[in-house]
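Same order as they appear, the protein sequences are chains R and G. Letter 344 of the first sequence, counting from 1, is numbered 344 in our numbering, and no numbers are missing. Just so we're on the same page, our numbering is the position in the second sequence counted from 1, plus 1000. Notes follow the structure.
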Amino acid sequence: MSITSASQAMLDRYEAVRETLPGQQIAWLADLREAAVRSFGETGLPTPKVEEWKYTNLRALDGFDFSEPPGDAGAAVDLPDAIGAGPRLVFVDGVFRDDLSRLGDFDGVRFTPLADRLEGGADLIQPRLGDLGQDQPLLALNGAFLEDGYVAEVAEKAEIAQPLEIVFADTGGDIPTARQPRNMIIAGAGSRVQIIETHLGAAPSQQFFNGATMITVAEGASVEHRRVQRQGTGSVHVNTVRARIDNGGIYDSFVLQQGAAVARDEVQVGLTAGGSVARLNGVYLGDGSQVLDNTTVVRHATENSTSEQLYKGALTGSARAVFQGNIRVEAGADGTDGRMTNKTLLLSDKAEIDTKPQLEILADDVKCSHGATAGELDGDALFYLRARGIPEAQARGMLVEAFLGEVIDGVEEEPIEPLLRDAVGNWLAHAQETEEV
Amino acid sequence: MSIADHQPEEFVKIMLEIKDLHASVDGKPILKGLDLTMGPGEVHAIMGPNGSGKSTLSYVIAGRDGYEVTEGSILFNGRDLMEMEPDERAGEGLFLAFQYPVEIPGVSTMNFLKTSLNAIRAYRGEDELDAMEFLKFVREQTATLNITDELLKRAVNVGFSGGEKKRNEVLQMAVLRPSLAVLDETDSGLDVDALKIVGEGVTGLRSPERSMLVITHYQRLLDYVIPDRVHVLADGRIVASGDADLARELEEKGYAGFSKAAA
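Shown next as structure tokens:
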């Protein structure tokens, strides 16, 4: 089986930079990398022949020339304002930037770049890297390069009042680059934390972002994981999240997918004990010829766990979105409650959604449901608003905002809420200027 | 010199003038030469059997897509209504109370009312009301309609009972203060108590500056809102006109005679 040219370019790049990768002097890590790159080399990047990638094609990467060295590690960058008053880690062009970050002591949490934790990390880090994800090509690729990333380690019973922020910024430039951060969220028993990731990019840059985040939510802990994906328009963005949730733990995920040419946010959750809860929500806003993919895999492994998913999006131009949701209920996982909903507004004739909700139920006593809808704005509602004096563009905007508001209401009164509402408003205004919306 | 001579120029004695109106839906002619003239402050009722074109008339006046005017004209305060978008018609002072008010999930009734009022004020070059001014103004309107603050917080018409939906239509009319209100079957689906609230609410909005066109199948709303004129619509045309007594006559005798006359 032959691999794509981008896959070969990744392998060549690995050979060129392997000695400079963080932690390469650590024997266990170097061994893991070698195993990961071998695993990746067997399959290469997935193509649409692979069922899980049927609707999202990474061939855009074949046009990226990864052979040149990346740009200036000290590049200037316009960062958005901090969302909260807590600590903030900033990575620019893949490099941790101490000068732009806000560190310091925050009670109950150790929040650092991964590179700082590799040395001496055999106890905490090594087991959580596992095999670096050799079961999936993109995780294996990320594991091979394993550049840097963040580690948020929350102490038992610690309640972190301020969100932990991470910014991955890309300054663009003419040189295509690949960024492969590996992150970890480790929530101790009974702890509470909110993590906000922001992915930014200069408009036309050709960046391949291939991130991976490993999350463990211990007994009774709560992790809120917010991701704002606004990468540059020439980028390919793949972000894979793998969470394991223990007894009574809650993993609550929200993603805004707005940037990049091709983007995939994939959340894999293992509900491994009774009373564990996963809430996976997302909003996607697509225009031009974007492809925005949200993929979820929720595995109910034992009795009495709960999952809820709501993904809603609006598309214009010839944008295409993909929703693949899979709920698997293992044999014996009675009392499972799993729900999944995907709804899309198609605001132009050429916009498209490929939605594939799946339930695999091997247990007897479960409540599971899935639903998917796609359609245009409600003409009756539009006329009703206009008959009350509201001009057409404003009326359409109100209906789109109301439609997406159902998901954003889930993060009501969080620091991120105003940003999300503004994002929808600005997206709409731009769409109305440039397209028939 | 009569008092009318002292009226400002924009005062018009004819508020609505419909001439020889023909309209089709999906290529099928529904209105076939309808004439109607209303003065300021007048209440006219249009009565007719199902399928006579009552709702088509209301949608044509409000400007709904799919209702094609093939002949004739509608002047509203002397201006050609057909040239205006639905929202412009509302800005000019037209209001349609819907037979089937539309549910709008995710938009609170309060936000809807405020956005509507401010859109119409903006159309007229008036300043928007701020949140406090608006709240005070709305509370003045809700009391007589027995509408609670809780209902205002709910999404527009979502989960509303039939009576709540119609009361909400009357509330919108009270807030937007149109010069011409078209009430399309506002009495349908109401029990006696709800009819009383709606009927009294509409009656309370009668004024010398506000005309009302009450479209109905039954006479019962007209017990509250006594019309100046009653017109019988059959097969797309007005086939008879009279005073309020005509409505009572129709209630007793039905439309059979008029439908035959139209055929």
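No residue lacks a Cβ here, since even glycine has one placed at the ideal position from N, Cα and C.
- Close to chain R, meaning a Cβ-Cβ distance shorter than 9 Å, are the following residues of the stretch 1170–1192 of chain G: Q1172 and L1176.
- The CB of D422/R never comes closer than 8 Å to any CB in chain G; the least such distance is about 17 Å.
- Collapsing the DSSP output to three states places Y1100/G in coil.
- CA-CA distance, L292/R to N281/R, rounds to 15 Å.
- Using a Cβ-Cβ cut-off of 9 Å, A429/R is close to nothing in chain G; its nearest Cβ partner there is about 16 Å away.
- With respect to chain G, the C-beta atom of G405/R has a partner C-beta closer than 8 Å.
- Here E360/R is near V329/R, since their CB atoms are less than 8 Å apart.
- When CB distances to chain R are screened at a threshold of 7 Å, the residues of the stretch 1110–1128 of chain G falling below it are T1115, S1116, A1119, I1120 and Y1123, in chain order.
- At a Cβ-Cβ threshold of 8 Å, G270/R and N247/R do not count as neighbours.
- Neighbours of G1106/G in chain R, taken as residues at a C-beta separation under 7 Å, are given in chain order as A402, F403, G405 and E406.
- The stretch 1124–1133 of chain G makes no contact with the stretch 408–415 of chain R: fewer than 3 CB pairs, one atom from each, lie closer than 8 Å.
- In this structure, the straight-line span from the alpha carbon of P204/R to that of H300/R is close to 41 Å.
- In the structure shown, T355/R falls within a strand segment according to DSSP collapsed to helix, strand and coil.
- A residue is called buried when at least 16 other Cβ atoms come within 10 angstroms of its Cβ; G120/R does not meet this threshold and is exposed.
- Restricted to the stretch 265–345 of chain R, the beta strand (DSSP E) segments that are unbroken, complete and at least 3 residues in length are 277–286, 291–300, 306–315 and 320–329, listed in chain order.
- In this structure, the straight-line span from the alpha carbon of I1226/G to that of N1050/G is close to 22 Å.
- Remark: fewer than three beta-carbon pairs, one from each stretch, lie closer than 8 Å, so the stretch 394–405 of chain R and the stretch 1072–1085 of chain G are not flagged as touching.
- Put simply, the CB of V1102/G is near chain R, with a gap under 8 Å to one of its CB atoms.
- The beta carbon of D337/R sits no closer than 8 Å to any beta carbon of chain G.
- Listed in chain order, the non-local C-beta contacts of Y1059/G below 7 Å within the same chain comprise Y1067, local neighbours out to five positions each way being set aside.
- For R1064/G, the residues of chain R that pass the 7 Å Cβ criterion are F383, in the order they occur in the chain.
- Comparing alpha-carbon positions, the option among L1151/G, A1244/G, K1114/G and S1211/G lying closest to K1136/G turns out to be K1114/G.
- Residues I1018 of the same chain have their beta carbon placed closer than 6 Å to that of L1036/G, with the five preceding and five following residues left out of the count.
- Distance from the CA atom of V238/R to the CA atom of D93/R, rounded to whole angstroms, is 16 Å.
- In the DSSP assignment, N210/R falls within the beta strand (DSSP E) that extends over Q207 to V217.
- In this model, P127/R and M184/R are separated by some 12 Å (Cα to Cα).
- Here L1152/G has T1109 and M1110 as same chain residues with Cβ atoms under 6 Å from its own Cβ, once five neighbours each way along the sequence are excluded.
- With 16 or more neighbouring CB atoms inside 10 Å of its own CB, R396/R falls in the buried class.
- Per DSSP, the continuous alpha helix (DSSP H) segment holding L141/R begins and ends at P137 to F145.
- By the rule that beta-carbons nearer than 8 Å mark a contact, D380/R touches chain G.
- By the criterion of a C-beta distance shorter than 6 Å, L132/R is surrounded in its chain by L32, A36 and G143, once the five residues flanking it on both sides are discounted.
- The Cβ of A1090/G sits closer than 8 Å to at least one Cβ of chain R.
- Put simply, the CB of P181/R is far from chain G, with every gap to its CB atoms at 8 Å or more.
- Contact between the stretch 8–17 of chain R and the stretch 101–109 of chain R is not established, with fewer than three Cβ pairs separated by less than 8 Å.
- The CB of L1096/G comes closer than 7 Å to the CB of A387 in chain R, given here in chain order.
- In this structure, L1180/G places its C-beta atom within 8 Å of the C-beta atom of M1015/G.
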